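*Asks:* In my numbering, the protein residues as written are 5 to 128.
Here it is: the structure, laid out below.
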């Protein structure tokens, strides 16, 4: 008698409709990442901010296209790996957490942009 019987494969945690929504969230995450890259380029190159990620700080200041390419590639790669594991709760939660983080970053960029515009208009 075999006491080490194989365990059942984990059940899928979502339906086709759930995965369609999740795919949309991943696509939105990638767009948010691109907006973050573009805002970051502007703020750093205009002297209003510094890149927080030390691995990318040199690139943002010296090689704009390479910065966007590396940042986009890293986020696309991570998103792809999470998408491959989308039938696991950890991957789904991670996708949502990263999406919310980038959404929060976009809100910070927009808030800062709004403050800068108001300050410029006040100088008139």
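We put the CB at the ideal spot given by N, CA and C, even for glycine.
A quick note: this is a predicted structure, and the numbers were derived from the prediction, not measured.
With distances taken between CB atoms, is the gap from residue 68 to residue 45 smaller than 7 Å?
*Replies:* Along the chain shown, one-based indexing puts residue 68 at 64. Along the chain shown, one-based indexing puts residue 45 at 41. Cβ distance < 7 Å, so residue 68 and residue 45 count as in contact.
*Asks:* With burial defined as no fewer than 16 other Cβ atoms inside 10 Å of the residue's Cβ, what is the status of residue 107: buried or exposed?
*Replies:* Translated into positions along the chain shown, residue 107 becomes position 103. Residue 107 should be labelled exposed.
*Asks:* Helix, strand or coil for residue 18, going by three-state DSSP, please let me know.
*Replies:* Numbered from its first residue, the chain shown carries residue 18 at position 14. Correct three-state label for residue 18: coil.
*Asks:* What do you reckon, are the CB atoms on residue 79 and residue 71 nearer than 7 Å?
*Replies:* By one-based count along the chain shown, residue 79 stands at place 75. By one-based count along the chain shown, residue 71 stands at place 67. Their beta carbons are not under 7 Å apart, which means residue 79 does not touch residue 71 by this criterion.
*Asks:* For the alpha helix (DSSP H) that contains residue 50, what are its first and last residues?
*Replies:* Counted from its first residue, the chain shown places residue 50 at position 46. First-last for residue 50: undefined, no H or E at that position.
*Asks:* Going by DSSP, what residue range makes up the alpha helix (DSSP H) through residue 95?
*Replies:* The residue labelled residue 95 in the question sits at position 91 within the chain shown. That run of the alpha helix (DSSP H) goes 93-126.
*Asks:* Compare the Cα-Cα distances from residue 17 to each of 55, 87, 91 and report the closest residue.
*Replies:* Stepping through the chain shown from its first residue, residue 17 is reached at position 13. 91 is the residue among 55, 87, 91 whose C-alpha sits nearest the C-alpha of residue 17.
*Asks:* Is it buried or exposed, residue 99, if we count other Cβ atoms within 10 angstroms and call 16 or more buried?
*Replies:* Position 95 of the chain shown, counted from the first residue, corresponds to residue 99. Buried is the call here.
*Asks:* Using 8 Å for Cβ pairs, my map puts residue 88 next to residue 74. What's the rounded Cβ distance?
*Replies:* Within the chain shown, numbered from 1, the residue matching residue 88 stands at position 84. Within the chain shown, numbered from 1, the residue matching residue 74 stands at position 70. 21 Å between Cβ atoms; not a contact.
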